[in-house]
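>
Numbering (the numbering used here), first residue to last: 1 to 963.
#1: When the Cα atoms are used, what is the spatial distance from residue 830 to residue 817?
#2: Three Cβ pairs or more, each shorter than 8 Å: is that satisfied between the region 129-149 and the region 395-402?
#3: Quick check: what's the CA-CA separation for residue 669 versus residue 321?
#4: Thinking C-alpha only, which one of 862, 801, 863 is nearest residue 836?
#5: Is it buried or exposed, residue 141, if we count other Cβ atoms within 10 angstroms and call 16 or more buried?
#6: With DSSP collapsed to three states, give me the class of residue 607.
#7: Name the DSSP bridge partner or partners of residue 39?
#8: Once DSSP output is grouped into helix, strand and coil, what is the label at residue 519?
#9: Give the C-beta separation of residue 864 and residue 821 to the nearest angstrom, bearing in mind that I take them to be a contact with Cβ-Cβ under 8 Å.
#10: Is residue 201 buried or exposed, if buried means 16 or more other CB atoms sit within 10 Å of its CB?
#11: Can you tell which of 29, 53, 83, 566 has the C-alpha that lies nearest to the C-alpha of residue 13?
#12: With a 10 Å radius around its C-beta and 16 neighbouring C-beta atoms as the bar for buried, classify residue 282 as buried or exposed.
#13: Where DSSP assigns a beta bridge to residue 437, which residues make up the other side?
#14: Exposed or buried, which one is residue 432 when buried takes at least 16 other CB atoms within 10 Å?
#15: Determine, using beta carbons only, whether residue 329 and residue 323 come nearer to each other than 8 Å.
#16: Nearest to residue 793 by CA position, among 745, 636, 767, 783, is which residue?
#17: Please classify residue 683: does DSSP put it in a helix, a strand, or coil?
#18: Taking the alpha carbon of residue 375 as the reference point, which residue from 362, 351, 403 has its own alpha carbon closest?
#19: Are three or more beta carbon pairs between the region 501-508 and the region 457-466 nearer than 8 Å?
#20: Quick one: is residue 644 buried, meaning 16 or more other Cβ sit within 10 Å of its Cβ, or exposed?
#21: With a threshold of 6 Å on Cβ separation, who are the neighbours of residue 217 within its own chain once the five nearest residues in sequence on each side are excluded?
#22: If the criterion is Cβ atoms closer than 8 Å, does the pair residue 15 and residue 72 meet it?
#23: What did DSSP end up calling residue 600 once you bin it into helix, strand or coil?
#24: To the nearest angstrom, report how far apart residue 48 and residue 11 are at their CA atoms.
#25: Please confirm whether residue 143 and residue 23 have their CB atoms less than 8 Å apart.
#26: Could you give the DSSP three-state label for residue 18: helix, strand or coil?
#27: I'd like to confirm something about residue 826: is its beta-carbon nearer than 7 Å to some heavy atom of the ligand ZN, or not?
#28: Which residue wins for smallest C-alpha separation from residue 918, given the options 897, 584, 900, 880?
#29: In angstroms, rounded to a whole number, what distance separates the CA positions of residue 242 and residue 876?
#30: Classify residue 52: buried if its beta carbon has 16 or more other beta carbons within 10 angstroms, exposed otherwise.
#31: Please list the terminal residues of the continuous beta strand (DSSP E) segment that includes residue 452.
#32: For residue 952, collect the residues of the same chain with a Cβ closer than 8 Å to its Cβ; drop the 5 residues on either side in sequence, then sort them by chain order.
#33: Identify every residue that forms a DSSP beta bridge with residue 570.
#34: When the distance is taken between beta carbons, is residue 352 closer than 8 Å to residue 407?
#35: For residue 803, I'd like the list of residues in its chain whose CB is within less than 7 Å of its CB, leaving aside the five on either flank, ordered along the chain.
#36: Roughly how many angstroms lie between the CA atoms of residue 435 and residue 446, to the nearest whole one?
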C-alpha cells in the first residue's frame with residue numbers, strides 16, 4: 001500500500017511506514033487522496049485545511065506544502081512501480097496514482113466485491129476481513145481541521161458497516177470467538193450503534209457467554225435511554241428476547257445497509273476522550289510519565305538557544321501546531337545538557353507527561369536503539385498492560401500515538417543517528433513538543449515535518465566564563481582573567497571539556513587557574529591527539545590531561561567501564577567488572593564523578609558520555625592486555641548470569657539454581673517476585689546488549705543462560721519480540737556449543753512467544769522442535785515443559801482436547817522424573833483443560849492434588865492459580881459456597897504474591913458467583929474492587945467488569961438484567 005489515510009497519514013517507502021509531514025501538510029495530501037485522479041481546486045484545499053476563515057498567507061503556505069508533498073510522493077511504493085505524481089491542473093492539483101495504492105479506495109473496492117449477491121459466504125468473509133484489516137486506528141489521526149472531523153465521521157460509518165458485515169459472515173460459519181474481541185473494542189468507542197451492539201450480543205450468546213450478552217444489552221439500553229431518550233430498536237430487542245427464551249438465533253440479521261448500522265437521526269457518537277468513561281466506577285487516567293534525566297547541576301549559558309526554543313514553543317502553542325526542534329552539533333557541545341535543562345524549565349507546561357529516550361545513535365559499539373524498542377518503552381511508561389499491546393509494530397506505534405493524543409506532552413529523543421530513528425516516534429497531536437538532539441542536522445525532518453533546526457556551537461567566551469563561575473565561584477574566575485581565557489580557548493568552548501577542567505579545579509581549590517592552564521598547554525603535543533578538527537583535538541587534550549590526574553585505580557576503573565555494553569550500569573555490576581569490593585568501588589566512582597569522567601544519569605546508575613566512552617575504549621585496548629579485558633567481561637557476565645538466575649527462580653520456582661553464586665561482597669539479594677521484575681526492568685537494556693556481546697565474543701554458555709533466565713520475565717511483561725530475538729541468538733549459540741538441551745529450551749521460548757503473538761503455526765513448529773530435542777537428550781523435565789508449551793498453543797486456539805493430551809503427557813513425564821513441583825504444575829494444567837471440556841469432577845480432583853504440593857513448596861502464585869481454578873470448577877458444579885471460599889483464598893494469596901492482575905481476576909470471578917447466589921451487595925463490592933485494581937493497571941478488562949456492575953444496577957431496578 002503506497003498511501004495510508006485510514007489511521008495516521010503515512011506513506012510506505014521500501015516496505016516501511018514513512019511520515020508525510022506535519023498535520024497541515026497531511027491534510028492537503030489526504031484531501032487530494034480522497035479525490036485521486038481528479039483535480040481539486042486550490043480554494044477547496046485551502047478550505048479543507050484552514051476552514052472558512054483562512055489566514056492571509058494560506059495560498060503561499062499551500063504551495064509550500066505541495067512542493068514538499070511532491071518530493072515525498074517520489075519515495076513511496078506503488079504496485080506498478082511507477083512513482084505517484086502531483087500534477088497542476090486548471091486552478092488546482094491532481095494526485096496521479098492508482099486508487100488501489102491508497103488504503104481508503106482499496107477498502108471500498110474490497111467491500112464492494114464482498115456483496116453477497118456477487119460471491120459466496122466464504123469469499124465475502126475473506127474480502128471483508130482484508131478490508132477491515134486495512135484500518136490502523138482512527139482515520140486521519142492527528143488532523144484537526146473541520147473537514148477532517150467531518151470526513152472522519154463519514155469514514156467511520158463505512159468501517160462500522162464493514163465490521164458488522166464481516167462479523168456476520170463469521171457467525172454464519174459458526175465462529176463467534178473470532179469476532180468478539182474486535183466488536184468489544186468498537187462497542188466501547190461507539191456504544192450507541194445498534195447493529196454493532198446487536199452483533200456483539202449475538203456473538204457472545206453463540207459463544208456460550210449468556211450472562212455477558214445480557215449484561216451488554218442492559219448497558220446499551222441504559223446508555224440509549226440516558227443519552228438519546230429512546231428505547232433500543234427492533235433488532236436489539238429481537239436479540240434480547242431470543243436469548244431470554246433460549247432460542248437459537250440465525251447468524252445474520254437484516255441485509256447490511258447504512259440504516260441497519262446507524263439510525264438516520266443519530267450521528268456517530270464521538271470516541272470517548274481518554275479520561276471519560278461511562279459507568280458506575282470512575283476510570284483512572286493514563287499514568288503521567290516523568291522520564292527526564294536528572295537536571296544538569298550548575299548549568300549556565302546557551303541563552304540564545306534557550307530563547308529560540310522558548311519562542312518556538314510559544315509560536316506552536318499560539319498556532320495550535322506541534323513543535324519539533326532539532327538541536328544539532330558536533331560531539332561534546334552540550335546538546336543533551338541543553339535539551340534536558342530546558343526541558344526541566346518548561347516541564348510544568350506539559351503536565352500530562354514527559355518522555356525521554358536515548359537513541360544511542362553514535363555509541364562506539366555501533367548498536368543503536370530501534371524505534372520499535374522506544375515505542376515499547378514509552379508504552380511501558382504509560383503502564384499499558386502487556387495484554388493490551390498489539391502484535392504488529394505499526395499497531396504499537398499507533399497505540400503510542402493514541403496514548404499521546406489530546407495530551408500536552410514533552411518528548412525528548414536524544415542522540416538520534418538519522419531520521420528513520422525519529423519519524424516513527426513523532427506524536428500526531430498539536431499539543432506536543434518534541435526535542436531531538438543529533439550530531440547531524442537531519443534536513444529531511446526540516447523539509448517534510450517542518451522541524452526547527454538549531455545549531456549548537458561552541459559556547460561564547462562570556463557564557464563559558466559563567467560556566468566556570470558557577471562551578472568555581474566568581475571570585476576565583478575573575479582573579480585571573482588571562483588564565484581563564486587560556487582555559488576556555490584550550491577547551492574550544494566545548495561544555496564537556498569545560499566540565500572536566502572545572503571539575504579538576506573544584507577538587508583542587510588550592511591550585512591556581514594559571515597552573516591549570518600551564519598543565520593543559522603542556523599536555524598539547526604529548527597527548528597523542530588524533531588529526532581531526534581543531535575542536536576534536538582540543539577536547540582530546542582535555543581528556544588526556546584529566547585522565548592523567550586520576551589515581552591508578554580510578555584510571556583502571558575508567559578504562560574497564562568501556563567494556564560494559566549497556567547505556568548505564570549500577571555500582572554492583574561495576575564492582576564485579578573490576579573485581580573490587582563495594583566500598584572500594586564507591587570510592588573510585590566518587591573520584592571519577594568528581595572529575596566528571598562518569599555521570600549519574602539516573603539515580604544510582606552511572607553512564608559515560610559517548611566521547612569519553614570512545615576514549616576509554618582506546619585506552620583499555622592500549623593499556624590492558626587481551627587477557628585482562630576478557631577476564632573483566634567474564635566477570636561482568638558472571639554477575640548478570642548469577643543475578644538473572646536468582647531473579648528467574650523467583651518468577652519460575654521450578655527452576656533450579658544452576659549458576660554459581662559469584663562474588664557476594666555483602667550485596668543485597670533479590671528476594672521477592674516483585675523485586676525480580678523490578679531488577680529485570682532496570683537492567684533490560686543492559687541484558688539485551690550483554691546477550692549480543694556474549695554472542696559476538698564467543699561466550700555462548702553465558703548467552704544461553706541469560707536467555708533462559710529472561711524467558712519468564714519477557715513472557716510476563718509481553719516483550720515477545722525481545723524474547724524471539726534473544727532466543728534466536730541463544731539457538732545459534734547452542735548450536736555452536738553442540739548443546740542440544742539448550743537448543744530445545746531456545747525453541748521452547750521462541751514457541752511460547754509466537755503463541756502469545758497469535759502465530760500458531762510458528763509456535764507449534766518451535767514447540768515441537770523443543771519436544772523432539774528434549775527426547776533426544778533424554779531430559780524428562782524439558783519434555784514436560786515442551787508438552788506444556790504445546791498444550792498452551794492448542795488451548796489458545798480453543799482445541800482443548802489436544803491441549804489435554806499434552807498436559808497429560810507433561811504430567812506423566814514429571815512423575816517419571818520425580819519432579820514434584822513440575823508434577824503439581826502439570827496437575828493444575830490438566831485440571832484446567834478438563835474443566836474446559838466440562839469434566840468438572842475429574843478437574844477438581846487434579847487441582848486438589850496439585851494444591852497439596854504447591855503448598856509444600858510455598859509457591860504462592862501457583863497456589864493462587866489453583867484456588868482460582870477450583871473456584872471456577874465449583875461454580876460450574878453449582879457449589880457456590882465452595883466456589884466463594886476458593887476465590888477468597890486465591891485473592892489472599894495473590895495479594896501476598898503482589899500479583900495485582902490475578903487478584904482483580906479472582907475478585908471478578910468471586911463477584912460472578914455471589915451474583916448467582918443473589919448476594920448483590922457482595923458482588924458489587926467485589927467488582928468495584930476489581931475495577932479499582934484494573935484501572936490502576938490501565939487494563940481493558942476494567943470495561944468488562946464495569947458492564948457487570950451496570951447489569952447489576954439494571955437487575956436491581958427490575959429492568960431485566962439477568963445473570
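We treat Cβ as the ideally placed atom computed from N, Cα and C, and that holds for glycine.
A quick note: this is a predicted structure, and the numbers were derived from the prediction, not measured.
Based on what the coordinates show:
#1: 18 Å
#2: yes
#3: Residue 669 and residue 321: Cα-Cα distance of roughly 50 Å.
#4: 801
#5: Answer is buried; the Cβ neighbour count reaches 16.
#6: strand
#7: 94
#8: helix
#9: Rounded, the Cβ-Cβ distance is 15 Å, inconsistent with contact.
#10: buried
#11: 83
#12: With a pLDDT of 31 at residue 282, under the threshold of 50, the modelled position of this residue cannot be trusted; read the value that follows with caution. The residue is exposed, with fewer than 16 neighbouring Cβ atoms inside 10 Å.
#13: 327
#14: buried
#15: no
#16: 767
#17: coil
#18: 403
#19: Because the criterion of three Cβ pairs below 8 Å is not met, the region 501-508 and the region 457-466 do not touch.
#20: buried
#21: So the list reads 201, 240, once near-sequence residues are dropped.
#22: No, they are not a contact pair.
#23: Three-state result, residue 600: strand.
#24: 20 Å
#25: yes
#26: strand
#27: Ligands displayed in this structure: none; no statement on the ligand ZN is therefore possible.
#28: It is 880.
#29: 24 Å
#30: exposed
#31: Here the beta strand (DSSP E) through residue 452 covers 452-455.
#32: Answer for residue 952: 915, 920, 923, 924, 927, 961, listed in chain order.
#33: 605
#34: yes
#35: 791, 794, 795, 833
#36: Approximately 13 Å, taken between the alpha carbons.
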